[in-house]
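Peer 1: Following this message is one structure expressed as C-alpha cells.
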Amino acid sequence: MISAGQLHQLWRVLPIGSLDDVIGAGPCLVLAPHPDDESLGCGGLIAACCAGARPPLVVVLTDGSGSHRGSRLFPPAQLISVREAEVTQAVRILGLPAERLMFLREPDTKAPRAGPAFDAVVRRLADFVRAFGCTTIVAPWRFDPHCDHEAAAKIACESARVTGIRRLAYPIWGWTLADDTPIEETTVRGWRLGVAPYLAAKRRAIHTHASQYGQLITDDPAGFELPTALLRALDEPWETFLSP
C-alpha cells in the first residue's frame with residue numbers, strides 16, 4: 014500500500030527513456046477510453062512516434078456520449094459525431110494518418126469489464142495488433158478513478174495476454190487523486206518520455222476537444238468540463254508510462 018502523494022512523487026522522477034526504451038522497436042497501440050484521452054495522456058507519445066516514422070494505432074474505446082447527457086442541442090448521436098470529429102482533428106495535429114484511428118463505440122460509462130462484450134472487444138484489439146504489427150499496448154493506469162479507464166486497463170491486460178505483446182499504463186485521473194488516497198500499488202517502475210519538442214502540438218490537440226471545455230455545449234449546466242488541475246498536471250515536457 015502506498016499513498017497517491019507518494020506515487021506522484023515517484024512518477025515525477027522515473028528515468029527519462031528513449032522511444033525504444035518506452036515502447037520497444039515496433040509500433041504501439043494506444044487505447045483511449047474516450048475521445049480526448051489519447052491527447053491528454055499520450056499526445057506527446059503519438060507525436061514522437063509519428064515523427065519517428067512509426068505511427069501508432071489509436072483505438073478509442075467508448076463513444077463519448079456521456080459528457081453532456083442533459084443537452085438538447087447535442088443529443089447523443091450528434092455528440093458522438095462531434096467528439097469523433099474532434100479526435101480525428103486532434104490526432105491529425107499530432108501527425109497521425111486517419112487510417113490509424115479506430116472507433117469501437119462502446120457506450121460511454123459502460124465499457125465492459127467482463128462477459129461476452131468484454132471478450133468481443135479483446136478479440137477486436139487482438140485483430141488490430143496482428144493486422145498492424147503492434148508490439149506494445151498502451152492503456153490507462155488500472156487505478157485511474159473512472160469506470161471506463163478501469164475497464165480499458167482490464168481490456169488491455171487481457172489483450173496483451175492473448176497476443177503476447179508488452180503492456181504499459183498511462184495515468185490521467187490518477188494525477189488528481191488526493192495525496193492521502195491509499196493505493197494498492199506495490200512497485201513503481203517505468204519511464205518518462207521526453208516530449209518537449211511536441212508539447213505545443215499536444216496542447217493544440219487537447220484544445221481541439223472543444224466540447225470538453227464548457228464553451229461549445231452551453232445548455233447542460235451539469236455537463237463535463239476538463240478541470241484545470243488535470244490539464245495542469247498533464248502539461249509537462251514528459252509523459253509517464255508505467256510497467257506492470
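Under my numbering, read the sequence shown as residues 14 to 257, first letter to last. Note that CB positions come from ideal geometry on N, CA and C, so glycine has one too. Predicted, not measured: the structure shown is a model, and the values here were computed from it.
#1: Going by the CB atoms, is the gap between residue 43 and residue 59 shorter than 8 Å?
#2: Three-state secondary structure (DSSP) at residue 145?
#3: What are the uninterrupted segments assigned as alpha helix (DSSP H) that are 4 or more residues long and contained completely in the stretch 165–220, given in chain order?
#4: Should the stretch 160–178 be called in touch with the stretch 81–97, which here means at least 3 C-beta pairs below 8 Å?
#5: Candidates 203, 143, 86 and 192: which alpha carbon is nearest residue 234's?
#6: Rounded to the nearest angstrom, what separates residue 254 and residue 230 at their Cα positions?
#7: What's the gap between the Cα of residue 154 and the Cα of residue 160?
#8: Please classify residue 106 as buried or exposed, where buried requires at least 16 neighbouring CB atoms within 10 angstroms.
#9: Answer with buried or exposed for residue 225, where buried requires no fewer than 16 other C-beta atoms within 10 angstroms of its C-beta.
#10: Decide if residue 52 is buried, meaning its Cβ has at least 16 other Cβ atoms within 10 Å, or exposed.
#11: Quick one: which unbroken alpha helix (DSSP H) runs of 4-plus residues sit fully inside the stretch 86–131? Chain order, please.
#12: Suppose you measure from the CA of residue 110 to the CA of residue 47; what does that come to, to the nearest Å?
#13: What's the gap between the Cα of residue 181 and the Cα of residue 166?
#14: Have a look at residue 119 and residue 187 and give me their C-alpha separation to the nearest angstrom.
#15: What residues are listed by DSSP as bridge partners for residue 253?
#16: Which of the three DSSP states, helix, strand or coil, is assigned to residue 241?
#17: Determine the closest residue to residue 205 out of 141, 136, 145 and 54, with distance taken between C-alpha atoms.
#18: Alpha carbon to alpha carbon, what distance is there between residue 57 and residue 215?
#19: Just the C-alpha distance for residue 16 and residue 23, rounded to the nearest angstrom, thanks.
Peer 2: Once the coordinates are examined:
#1: Position 46 of the sequence shown, counted from the start, is the residue given in the question as residue 59. Position 30 of the sequence shown, counted from the start, is the residue given in the question as residue 43. Against a cut-off of 8 Å, the Cβ pair of residue 43 and residue 59 comes out as a contact.
#2: Within the sequence shown, numbered from 1, the residue matching residue 145 stands at position 132. Reduced to three states, the DSSP call for residue 145 is helix.
#3: 212–220
#4: no
#5: Here the question's residue 234 lines up with position 221 in the sequence shown. It is 86.
#6: Working through the sequence shown from its first residue, we reach residue 254 at position 241. Working through the sequence shown from its first residue, we reach residue 230 at position 217. The alpha-carbon atoms of residue 254 and residue 230 are separated by roughly 33 Å.
#7: Position 141 of the sequence shown, counting from 1, holds the residue named residue 154. Position 147 of the sequence shown, counting from 1, holds the residue named residue 160. Whole-angstrom Cα-Cα distance: 12 Å.
#8: For the purposes of this step, residue 106 is taken as residue 93 along the sequence shown, with counting starting at 1. It is buried - the Cβ of residue 106 has at least 16 other Cβ atoms within 10 Å.
#9: Numbered from 1 along the sequence shown, position 212 holds the residue referred to as residue 225. It is buried - the Cβ of residue 225 has at least 16 other Cβ atoms within 10 Å.
#10: Residue numbering aside, residue 52 sits at position 39 when the sequence shown is read from its first letter. Residue 52 should be labelled buried.
#11: 89–106
#12: For the purposes of this step, residue 110 is taken as residue 97 along the sequence shown, with counting starting at 1. For the purposes of this step, residue 47 is taken as residue 34 along the sequence shown, with counting starting at 1. Approximately 19 Å, taken between the alpha carbons.
#13: As a position in the sequence shown, residue 181 is number 168, starting the count at 1. As a position in the sequence shown, residue 166 is number 153, starting the count at 1. Answer to the nearest angstrom: the Cα atoms are 10 Å apart.
#14: Here the question's residue 119 lines up with position 106 in the sequence shown. Here the question's residue 187 lines up with position 174 in the sequence shown. Spanning the two alpha carbons is a distance of roughly 23 Å.
#15: On the sequence shown, position 240 is the one that residue 253 refers to. Answer is 205.
#16: If you number the sequence shown from 1, residue 241 lands on position 228. Three-state DSSP puts residue 241 in a helix.
#17: For the purposes of this step, residue 205 is taken as residue 192 along the sequence shown, with counting starting at 1. Nearest option by C-alpha distance: 54.
#18: The sequence position of residue 215 within the sequence shown is 202, counting from 1. The sequence position of residue 57 within the sequence shown is 44, counting from 1. Cα to Cα, the separation comes out at about 6 Å.
#19: Here residue 16 is taken as the residue at index 3 of the sequence shown, counted from 1. Here residue 23 is taken as the residue at index 10 of the sequence shown, counted from 1. Computed Cα separation, rounded: 11 Å.
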